[in-house]
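Trainee:
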Amino acid sequence: MKEKPLYWKFLLLIALVLPLLVYVTAIELYGVNTPYKDDFALKGFLTQFNKADSWSIKWQLILSQHHENRLIFAHLLTLLFSFSKKVVQYKALMWVGNVLLIGVVGLYARFFKKNIISRLYLLPIPWLLFALTHYDNTFHALASIEVYGGLFFSLWAFLALWNNQLIRLSVALVLAICTSVYGFVALLVIAFMLLVKKSWMHLLAVLWLGAMLGWLYFTGYENPWKGNVGDLSLTQGILALMGSYVDTTLNAFVTNRLMFVLLAGGVVAALTLFCIIKNIPFDMQTLSFDFPRRWPVFILCVIGFIIGIAVLTIRHPANQDMATLLGSKYKIYSAVLVASLYGWSINNFAPQYRNVILGCFMPFCMFIYGHSWLGNMGLLNHRYKHTAMGLLANSSDETLAGVDPEVKQSVGKLLGESLKNKPTLPLQEARVRNKTIVVKGRAKFAFSSLHPDDGIYLLAKSKKKLYIFPLKKSQEESQPEEHFEGEIPTEALQEGAYKLGLYVVQENEKQIFNTGETIRVEHN
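Numbering (my numbering), first residue to last: 1469 to 1992.
#1: Three-state secondary structure (DSSP) at P1938?
#2: Measure from the alpha carbon of L1927 to the alpha carbon of each residue in R1901, A1965, K1903, H1951, then state which is nearest.
#3: Is it right to say N1605 is buried, meaning 16 or more other beta carbons lie within 10 angstroms of its own, or is it exposed?
#4: For H1951 and E1897, I'd like the C-alpha separation in whole angstroms.
#5: Quick one: any contact between the segment 1772–1780 and the segment 1547–1566, if contact means 3 or more CB pairs under 8 Å?
#6: By how many angstroms is the C-alpha of I1495 removed from the C-alpha of E1614?
#7: So L1413 and A1625 are supposed to be a Cβ contact under 8 Å. How far apart are they, rounded?
#8: Specify, as a first and last residue, the run of the beta strand (DSSP E) that I1905 falls within.
#9: Determine the extent of the alpha helix (DSSP H) in which F1766 is found, giving its start and end residues.
#10: Taking L1488 and F1598 to be in contact with their CB atoms under 8 Å, please state how far apart those CB atoms are, rounded to whole angstroms.
#11: By Cβ distance, which residues of its chain are closer than 8 Å to N1566, with the 5 residues on each side in sequence left out?
#12: Roughly how many whole angstroms lie between the Cα atoms of K1908 and Y1475?
#13: At the level of alpha carbons, what is the spacing between P1938 and D1507?
#14: So, do the segment 1793–1807 and the segment 1728–1743 have three or more beta carbon pairs nearer to each other than 8 Å?
#15: Please name the residue or residues paired with W1957 in a DSSP beta bridge.
#16: Just to confirm, is the Cβ distance from L1568 to F1620 under 7 Å?
#17: Going by DSSP, what residue range makes up the alpha helix (DSSP H) through G1705?
#18: Taking Cβ to Cβ, would you say G1705 is nearer than 7 Å to A1732?
#19: On the premise that L1681 lies in contact with V1657, defined as a C-beta separation below 8 Å, what is that separation, rounded to the nearest angstrom?
#20: G1574: buried (16+ other C-beta within 10 angstroms of its C-beta) or exposed?
#21: I need the DSSP call for E1985, collapsed to helix, strand or coil.
#22: With I1540 as the anchor, note down where its alpha helix (DSSP H) starts and where it stops.
#23: To which residues does DSSP link Q1979 through a beta bridge?
#24: Let's see if you can read the secondary structure: which residues bound the alpha helix (DSSP H) around F1508?
#25: Applying the criterion that 16 or more other CB atoms from any shown protein chain within 10 Å of the CB defines a buried residue, is I1905 buried or exposed?
#26: Can you tell me whether N1982 is buried or exposed, with buried defined as 16 or more other CB within 10 angstroms of its CB?
#27: Considering just the uninterrupted stretch of the alpha helix (DSSP H) at G1651, what are its terminal residues?
#28: Under a Cβ-count criterion, where at least 16 other Cβ atoms within 10 Å of its own Cβ denotes burial, should M1669 be classed as buried or exposed?
#29: Within this structure, are the beta carbons of V1989 and G1923 separated by less than 7 Å?
#30: For K1929, which beta-bridge partners are listed by DSSP?
Structure below.
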């Protein structure tokens, strides 16, 4: 084979590294060391861990649950990074999650190397995987660890299965389950593959490992919060999750883009079905399984993993709506599915067709990357600078201390006597349920869930503290702009009684409304 010229190798290296460099630069520039949504659970964990007077209680806290997830890996990292400063280092956790996402590309490179495929055909995968995804990578530490970490360890386990490396398989499964509930999906997929292969000893070892981890997972299990059950069918949910990779940062309402996403998901579903049928090693004459040497176990495991996640997500008691499935948390699973199908096609089609596949796939991946990048830069640059989220500056108690003076002055003036007056915007619901503050309401103003200068936030004020949390737009199809809701872990607040207000930001206009509601936070 003719040696490629040096400049060709240099250009290939630049094309592979460029999306990675832009990605990590964005994390460094826009990543924030502040809690966001579920991240408050980590702060509550650290506070309770430091107060615990026995190691048995500390160990129970490490194993403690947040909604449906056991966060052992995230808890251990929290303790590691907060050892000296005694506060949660959210940005450090985000970096760990994103490094694990970068490691996913390394796993695909190992897959390509195993099949003796040129590195040229690896080119589209970084562009597809490193499309910036709203907030999971730069704002949401817990989601970064759970999603990217669980994905990396699960794919590592699939690669170890393909290479018949039982020890690596066991280690990867343990880490996957200790990182995300989706690790159990990976375990079931692997157990099924071993059953089909009739690898009885390996199957028994994996089942024993799963039983031990399941016992650990359900020890002291608390029922997760049960949200509003959505009206998505299982087919709609799977197709939406499969097609979410093309739905990058579209501002239209879900109803206007639904058909587009279902169409894209349908194409991926058809390719997935073709891949599965093409590679089932079943001999009709002998009615037995015969495994070819090049059977793509890694690819089929990834396909089963993504479909399993879709089923679990849609059928979970806290059922997800269409907007959630199109969000950043699930885009990465959709992108991995597409990358796997691409890798399978490059591996299985005749060599003369590989350049054609690459030529069609590469521009598509660059479009997804560029569209996502352009759509998110304004959001990443302004979200924590021009809204009340600036109040959650890097401090240990999330109070008004040490925040942007302009924001502090604005809120201070607006607050004034507002919470002492008669209600100006009553809430439909405000109560503490299952260690969560549940808030729902309606308003006459409209706001965008993704725009940096439009939003609605909950104010919780006691005699000494003022907390502020972002609320989200409800997915009410009749009048989506008038409904808002939020769930805030009580761990994020100190004990006491709090008056509730609403802080509304619409471009340059800021208003505070009194809700007339008071709640009491108590810690067991």
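Glycine residues also receive a C-beta, built at the ideal position from the N, C-alpha and C atoms. Model, not experiment: these values are computed from the prediction.
Mentor: Working from what's here:
#1: Correct three-state label for P1938: strand.
#2: Shortest Cα-Cα distance from L1927 to any of R1901, A1965, K1903, H1951 involves A1965.
#3: It is buried - the Cβ of N1605 has at least 16 other Cβ atoms within 10 Å.
#4: About 12 Å.
#5: Contact between the segment 1772–1780 and the segment 1547–1566 is absent, because fewer than three Cβ pairs lie under 8 Å.
#6: It is roughly 17 Å from the alpha-carbon of E1614 to the alpha-carbon of I1495.
#7: Only positions 1469 to 1992 of the chain appear in this structure, which leaves residue 1413 out of reach.
#8: Where I1905 is concerned, the enclosing beta strand (DSSP E) stretches over 1904–1910.
#9: For F1766, the enclosing alpha helix (DSSP H) has its first and last residue at 1765–1782.
#10: The Cβ separation is near 6 Å, so the contact holds.
#11: Same-chain partners within the cutoff: Y1491, V1492, I1495, N1605, S1612, Y1616.
#12: Here the alpha carbons of Y1475 and K1908 stand approximately 59 Å from one another.
#13: Cα to Cα, the separation comes out at about 13 Å.
#14: Note that the segment 1793–1807 touches the segment 1728–1743; at least 3 beta-carbon pairs, one per stretch, sit closer than 8 Å.
#15: Note on identity: in this sequence residue 1957 is Pro, with Trp being the wrong assignment. P1957 is bridged by DSSP to T1904.
#16: Yes, the pair counts as a contact, with Cβ atoms nearer than the cut-off.
#17: For G1705, the enclosing alpha helix (DSSP H) stretches over residues 1702–1711.
#18: The Cβ atoms of G1705 and A1732 lie no closer than 7 Å to each other.
#19: Rounded, the Cβ-Cβ distance is 15 Å, inconsistent with contact.
#20: Exposed is the call here.
#21: Under the three-state reduction of DSSP, E1985 is assigned to strand.
#22: For I1540, the enclosing alpha helix (DSSP H) starts and ends at 1540–1549.
#23: According to DSSP, which records beta bridges pairwise, Q1979 is partnered with V1972.
#24: Note, F1508: alpha helix (DSSP H), 1508–1519.
#25: Classification of I1905: buried, given that the 10 Å Cβ count is 16 or more.
#26: Flag for N1982 reads buried.
#27: Its alpha helix (DSSP H) spans residues 1651–1665.
#28: Residue environment for M1669: exposed (fewer than 16 other C-beta atoms within 10 angstroms of its C-beta).
#29: Cβ distance not < 7 Å, so V1989 and G1923 don't count as in contact.
#30: According to DSSP, which records beta bridges pairwise, K1929 is partnered with L1934, K1967.
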